[in-house]
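S.K.: Residue numbers (full-length UniProt numbering): 1 to 162.
Ideal Cβ placement from N, Cα and C applies to all residues, glycine included.
Pasting in a structure now, in structure tokens, and then I'll have a few things to ask.
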């Protein structure tokens, strides 16, 4: 249960909950048979459907604490968080799926959630055949063209407000 805390002289404590990251991604370990969307494996792919991370978050936290401000951190590219050989099945659309962009826009309209750009892909594996992260990742600022980044950011912002 989240409660409003009081600070010195009865001031309210500021709280800002950040979701780092929300992405159009769904992962599951190999060997799990069904593709049922559950909060544990959903990073935003399930949108507002039953079982999605977002639905769990809204029902469990937001509706109980409507005064809370929320910021979603949104990578602008294909989220490079998992090595392809990591024994996970990954569905990763980046920001290409129109339903996901509409979903992001609806979160702003419905709850006034803030959206913050949060990098592009986060990282890129130098050897995709090696599932290790250590010494196998290029951070995005070492390979991202800033002009392409600015152009992509503008495209995404424009698509949210069409």
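(1) Below 8 Å CB to CB, which residues in the same chain sit around residue 126 once its five sequence neighbours on both sides are set aside?
(2) For residue 23, does the count of other Cβ atoms within 10 angstroms reach 16, so buried, or fall short, so exposed?
(3) Could you spell out the range, first to last residue, of the alpha helix (DSSP H) harbouring residue 10?
(4) On the three-pair Cβ rule with 8 Å, is the region 30-45 touching the region 89-107?
(5) Which runs of the alpha helix (DSSP H) at least 4 residues long sit entirely within the region 115-160? Give them in chain order.
(6) Let's see if you can read the secondary structure: which residues bound the beta strand (DSSP E) around residue 101?
(7) For residue 27, does the three-state DSSP call read helix, strand or coil?
(8) Output the boundary residues of the beta strand (DSSP E) element that contains residue 41.
(9) Mind checking residue 25: buried by the 16 CB within 10 Å criterion, or exposed?
M.R.: The relevant details are as follows:
(1) 136, 137 and 138
(2) buried
(3) Neither: residue 10 is in no alpha helix (DSSP H) and is coded neither H nor E.
(4) yes
(5) 146-160
(6) From DSSP, residue 101 is part of no beta strand (DSSP E) but of the alpha helix (DSSP H) over 98-111.
(7) strand
(8) Careful: residue 41 lies outside any beta strand (DSSP E) and carries neither H nor E.
(9) buried
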